[in-house]
Every structure is written in C-alpha cells, then in structure tokens.
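All remarks here apply to the structure that follows.
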Amino acid sequence: MAAITAKETRRSERRGHGINHKSESCKYTSIEQALGDALAAYSVTWLTIHADGAVHRFDTADKAKGNRNGWYVCPSLEIAVYGFWHTGEQHTITTGGKADPAAAAEARLAAQRAREQRETERRAQQAKTAEQARHWWATAGAADPTHPYLAKKRLASHGLRQREAMLLVPLFYEGELVNIERIYPDGAKKALFGGRAKGVAGLVGKLAGAERVLIAEGWATAAALFEAMGLPVVVARNADNLEAVARRLRQRLPDDVTITIAADDDRFTKGNPGATKARLAALAIGAKVLMPTFCAGCQRCTDFADVALCRQERGL
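The sequence shown begins at 1 in full-length UniProt numbering and counts up by one.
Structure representation (structure tokens):
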C-alpha cells in the first residue's frame, strides 16, 4: 500500500464514491491522532477514537442525525481502517511510513469484520422493523375516506389503514409484510426506521388473474392509475426502487403477463429521474414505459395522480 500524505489524500479522495482501498500515511504519534485527522477531512470532529480493535459506528456530517453511516476500526496501534457505508468508501491509515504486509492483512481482516458486523446489525434491525410493521398493520383501523391526503388527491383509500393521523401503506418483500410507509395529512411520506427498502413494494388492486400489471412510484399515482384503467398497480415508492421491483415482479409473474412501467415525468428536475429510472427498469425486463400526458401549457403536473386531479378540477 503506497504512502500518501493526508493533505494529498483529502484533496483527491474527499467525498469520493465507490469502494477504494487507498492507504493514507503521514507521521503521527498515535493512531488516534492519525484517524482523528483523517475523519476531520469529512467534518467528523466530535469522536473520541478508541483503538481497541472493535468496530465503531458514527454519524456522518452529510446525513441526518442518527444515520451511523460511518465506521472505523483500529486492529493495532499502528493502523486503522475507516469508511462510509452510503458512499462505499474505505480507507486505511497508519501512524507513518509504509504499512507492512502484516499491517495490511490486519486492515483487510478489520474491514471484513466491519462489513460482517454491519450486515448482522442491518438484518436484526430489519427483522425488528418488520415485526413493528406487522403489529401496526394488525392493530390499525380502516383509513378515513375524508383523510386530508385522500381528500386532496380525490382518491379512495383502496385498502389503506390508518394509525392516528397517519395513513399506512403496507410494503411487502417476497410476499411478507416487512415495512410500512406512513403518509401524513400534509402529504409527507416516510417508511419505518431501519426496515428493508430495496425491492419492497405495495399494491393497489390484485395480481391474481391479471393479464397486465403496472408499476408506479408513489401510492397516489398507483391509485389514480387503478381507478382510471382498472389494472393492478405495484407501488415501488421511488424511482431508485423501480428496477429492483420490476425484476422481482417479472420473476414472480407468468411470462404471458405484461408489465408496464408507469413513469413519473420529473420534467422540472434536472435529469428527469422519474423518466430516466423508469426507462432503465423497463429495459431490464423488456417492458414498455407509459408516460403521463399533460394539458397544453401545464406547468404543474408531473405524474398520473397530478393529471387525474387536474382533469377532475377542469371537469374533463
């Protein structure tokens, strides 16, 4: 592992993406000082470093409090490994000079231990959240048809349940309820903390016996499409999840069932992530993309739910 000065590393590697294994090296009197200086480049300045060989998690400065996306481990008093789960970064730093082969091996083992520990924690939290989701769903009542969100969108509840002021959208993975998306009266949406996210999906309508199935991002868009077309609509929650949901659905459904990706048209957002991600999802499973059609001169609507509401307001 080549030695690189801390200054050079920060300039070239700060906020990098993807897994890398750069070795950062500079003359330090202790590994705590070396690691503290390296983390300061990421605005992490509040930690008390423990060179005890254990994996430690910490909040990163670019995410909300409690994110615990950062980690470090000091397998010896001469070497430390740290990284950030949300960017995939991984770095090794020593107290000075080149890291010898034994230290490099220690670093690799420490990084592997960190990954294994994170995976164990992640699975445990997902199981805990799934249990909470099932409890909430079992004890919730039917959604109030006059709930502010439903009233604003002019949509029926389509089987949603309600807990206090929150509408509950059940999210499934491999047929099991694993998470819940909460929809608040003001339209804010949030899944339960720590639950599985990738590949989870909701559903408006029934898949059994369907010849054609749609996949959409949000629940409101799915409900609007179901009311307009009478087809079951799978809810992917967001554009980034479209491909994962599409792949799993294609594996689950018979080959003669047509799947169509109903895209959001984020035409006012750079890169139009709704349309872009929808096309990628469609390409992954050989599906077609359905795009919303807006009224002439419309500068507001971006998805099928917007279009349905706009047409109702205009009496179309």
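Ideal Cβ placement from N, Cα and C applies to all residues, glycine included.
Residue 251, DSSP secondary structure in three states: helix
Helix, strand or coil at residue 28 [DSSP, three-state]: coil
Cβ-Cβ separation, residue 232 to residue 207 (assumed contact under 8 Å), whole Å: 5 Å
Where the alpha helix (DSSP H) through residue 276 begins and ends: 273–285
Backbone CA spacing between residue 29 and residue 161 [nearest angstrom]: 59 Å
Coil, strand or helix - residue 196 by DSSP: coil
Own chain partners of residue 310 with C-beta closer than 6 Å, once the 5 adjacent residues on each side are dropped: 301
DSSP beta-bridge partners of residue 166: 163
Where residue 295 falls, given that 16 or more other Cβ within 10 Å makes a residue buried: exposed
Three-pair Cβ contact test at 8 Å for the segment 256–273 versus the segment 228–246: yes
Local Cβ density within 10 Å of residue 389, reported as buried at 16 or more and exposed below that: Nothing about residue 389 can be reported from this structure: the residues present for the chain run from 1 to 316 only.
Outcome for residue 299 when other beta-carbon atoms lying within 10 angstroms are tallied against a minimum of 16: exposed
For residue 58, the three-state DSSP class (helix, strand or coil): strand
Assigned exposure category for residue 219 - 16 Cβ within 10 Å defines buried: buried
According to DSSP, residues forming a beta bridge with residue 182: 168 and 190
Member of 314, 273, 54 and 264 whose CA lies at the smallest distance from the CA of residue 291: 264
Stretch-stretch touch, CB-based, cutoff 8 Å, three pairs: the segment 270–290 with the segment 237–250: yes
Cutoff 7 Å; reference residue 43; Cβ partners in own chain excluding five residues on either side: 61
Boundaries of the beta strand (DSSP E) in which residue 212 is found, first to last residue: 212–216
Inter-residue spacing [alpha-carbon to alpha-carbon] between residue 136 and residue 163: 8 Å
Identified DSSP bridge partners for residue 70: 58 and 84
Run of the beta strand (DSSP E) containing residue 262, from where it starts to where it stops: 258–262
The segment 183–199 contacting the segment 209–217, beta-carbon criterion three pairs below 8 Å: no
Distance cut-off 7 Å: residue 176 Cβ against heavy atoms of the ligand SAM: Questions concerning the ligand SAM fall outside what the structure shown contains, since it holds no ligand whatsoever.
Own chain partners of residue 84 with C-beta closer than 7 Å, once the 5 adjacent residues on each side are dropped: 60, 69 and 70
Test item: CB-CB of residue 94 and residue 40 under 8 Å: no
Contact between the segment 123–133 and the segment 143–160 (3+ Cβ pairs under 8 Å): no
Counted within 10 angstroms of its Cβ, other Cβ atoms place residue 223 as buried (16 or more) or exposed: buried
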